[in-house]
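For reference, the structure discussed in these notes is given below.
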Ligand code: KIV
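Residue numbers (the numbering used here): 654 to 945.
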């Protein structure tokens, strides 16, 4: 038996059980190094299709493919061990039929080992959500602003800022809960509406530009780290990594040009004559400090 303490990953039922309890902390991550950090502090890591905009510089999430989600999902699973990893199904991989949705979800879960998937849409996706859940796929819903629908909605504007617009958004959130989703993202909706939906439905609401009353919160990691050149109003910048990275890159470029980097401590001297010894092992890049 292993002497190491076993770390159990959180599951979709664990997150569902948190309704009305301790806030659920969620961030996006798309790669192993950030997943390792996020995993220490968050309950849920979302491999969002926002990776298309953040990693690939796309204008919208529409061109994101299932292959892209699987690749980054793998990386996040390797970098994490405790949080529930939820992977977005991208535009075009689930809307055509319940069967298409199941095939995409099954591929993502089998190939990455993630614990749940997320799909956008309320009432229109309810039947699909029920179909997936009945077949062993935990589903996180996503209502309010649904960025994959950008070409029909026309802009990334907040939803439900007039009370007359509330009913369809409430109906969407209820439909997702009734269909068996274990949680639902509420994106960019008026604060009182986020509060009201959270009080009405029996599954955790995860807010992003919704309300502090939501059962949990999510942000795109690069937005909250200050790396994204533009970020929506609902983002608080908890860090300023952009200027820090720029400073480091500028210093590197200056030192390379001045030939002050690499210094003696970053180079390999010849072994002293007559010294026997083992083979010098180079560290894998990005895996830790260099050994002599
Ligand atoms: O793709 C994503 O990162 C998301 C969050 C914004 C909720 O769906």
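Ideal Cβ positions, reconstructed from N, Cα and C, are used throughout, including at glycine.
Cβ-Cβ separation between residue 842 and residue 822: approximately 6 Å, consistent with a contact (criterion under 8 Å).
Around the C-beta of residue 682, 16 or more other C-beta atoms lie within 10 Å, and the residue is accordingly described as buried. In this structure, residue 796 has its CB at a distance of at least 7 Å from all heavy atoms of ligand 1. Between ligand 1 and the CB of residue 741, the shortest heavy atom gap is smaller than 7 Å. Under the 8 Å Cβ criterion, the region 819 to 839 counts as touching the region 776 to 792, having at least three qualifying pairs.
Here the region 759 to 769 makes no contact with the region 707 to 718; the two share fewer than three CB pairs at distances below 8 Å. Short note on residue 881: C-beta not closer than 7 Å to any heavy atom of ligand 1.
Counting only runs of 3 or more residues that sit fully inside the region 730 to 802, the beta strand (DSSP E) segments are 737 to 741, 769 to 771, 792 to 797, in chain order. Straight-line spacing of the CA atoms in residue 700 and residue 731 works out to 13 Å. In this structure, residue 713 has its beta carbon at no less than 7 Å from each heavy atom of ligand 1. Residue 681 has its Cβ nearer than 7 Å to a heavy atom of ligand 1. For residue 726, the Cβ stays outside the 7 Å cut-off from all heavy atoms of ligand 1. Not one heavy atom of ligand 1 is found less than 7 Å from the C-beta of residue 803. Within 7 Å of the C-beta of residue 698 there is not a single heavy atom belonging to ligand 1. Nearest in C-alpha terms to residue 766, of all of 738, 839, 861, is 738. In the three-state DSSP reduction, residue 908 falls in the helix class (H, G or I). Counted as a single uninterrupted DSSP element, the beta strand (DSSP E) harbouring residue 699 occupies residues 697 to 700. For residue 856, the three-state secondary structure derived from DSSP is coil. Contact between the region 671 to 690 and the region 855 to 862 is present, with at least three C-beta pairs closer than 8 Å. Distance from the C-beta of residue 703 to the nearest heavy atom of ligand 1 is below 7 Å. Between residue 851 and residue 698, the alpha-carbon positions lie close to 21 Å from each other. The three-state secondary structure of residue 704, taken from DSSP, is helix. Residue 867 and residue 848 have their C-alpha atoms spaced approximately 6 Å apart.
For residue 749 and residue 685, the gap between their C-alpha atoms comes out near 32 Å. Here residue 694 is exposed, its C-beta having fewer than 16 other C-beta atoms within 10 Å.
The beta carbon of residue 837 sits closer than 8 Å to the beta carbons of 793, 794, 795, 796, 826, 829, 830, 854, 856, 857, 858, 859 from its chain, once the five residues preceding and following it are set aside; these are given in chain order.
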